[in-house]
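With the working numbering as the guide, the letters of the sequence shown map in order to residues 28 to 161. Even for Gly, the Cβ is constructed at its ideal location relative to N, Cα and C. Remarks on the structure that follows.
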Amino acid sequence: MTTSIQDPAMQVYAAQSTDLLLMWRTDGNLPLGGKTVTIAVSDFFLSMASPWMTLWFASLPTVAPSQGWWRNGSELAYAGDPATAPALPGGITTAQFASVRSAYLASLLTSDPGDGVSDWNNSGIITKSLGGGA
């Protein structure tokens, strides 16, 4: 008996952080133009969430406004009455934001990979590669 992906017993509606996702990575040097790879759900989330969190964090003011989110060094801070603080993007808490940002930062190389695309950990600052091995 064969099992297909349409089999209701094979369907899941929530993912656990240790689940693996099957993905296709393109590579023109391979016979089929790519290969299958797996990634843990937690790593997939980190790879998708971290870039937008990094951009949002970098866009915050570095001086406390009268009320609102701001960047206090490498920490996320809120000026004003915390009871009136709007939700962070995606509805995550400040602690969750800090946790994801810290995990992402820890996962990065500590020197510029030189590809002009990747992020790297520049003494605790998430930095975009300059390219050309700089």
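- Message: What does the alpha-carbon distance come out to for the pair G61 and G55?
- Response: Roughly 6 Å separates the two Cα atoms.
- Query: Given that a residue counts as buried once 16 or more other Cβ atoms are within 10 Å of its Cβ, and exposed if not, what is A104?
  - Reply: The C-beta of A104 has fewer than 16 other C-beta atoms within 10 Å across all chains shown, which makes the residue exposed.
- Pick from A125, G151, Q94: whose alpha carbon is nearest that of T111? The shortest Cα separation from T111 among A125, G151, Q94 belongs to Q94.
- Could you have a look at D146 and say whether DSSP puts it in helix, strand or coil? Three-state DSSP puts D146 in a strand.
- Message: Residues in the same chain with beta-carbon distance under 6 Å from S44, minus the five sequence neighbours each way, listed in chain order, please.
- Response: V68, S69, listed in sequence order.
- Query: Considering only residues of the same chain and omitting the five flanking positions on each side of D142, which have a CB-CB separation below 6 Å?
  - Reply: Apart from sequence neighbours up to five positions away, the residues of its chain that approach D142 with a beta-carbon distance below 6 Å are S156, ordered along the chain.
- Query: Roughly how many angstroms separate the alpha carbons of N148 and L132, rounded to a whole number?
  - Reply: Whole-angstrom Cα-Cα distance: 6 Å.
- Message: If I measure Cβ to Cβ from A85 and keep anything under 7 Å in the same chain, skipping five residues before and after, which residues do I get?
- Response: Excluding residues within five positions, none has a Cβ falling inside 7 Å.
- Query: What did DSSP end up calling Y105 once you bin it into helix, strand or coil?
  - Reply: Annotated three-state conformation of Y105 is strand, per DSSP.
- Message: Can you tell me whether W79 is buried or exposed? The criterion is at least 16 other CB atoms within 10 Å of its CB, across all chains shown.
- Response: Burial check for W79: the Cβ neighbour count within 10 Å stays below 16, so the residue is exposed.
- From L136, S77, F71, P140, pick the residue whose C-alpha is nearest to that of A42; which is it? Of all alpha-carbon atoms in L136, S77, F71, P140, the one lying nearest the alpha-carbon of A42 is that of F71.
- Query: Where does V68 fall in DSSP's three states?
  - Reply: In this structure, V68 counts as helix in the three-state DSSP scheme.
- Task: Using DSSP bridges, identify the partner residues of R98.
- Result: Its beta-bridge partners are L103.
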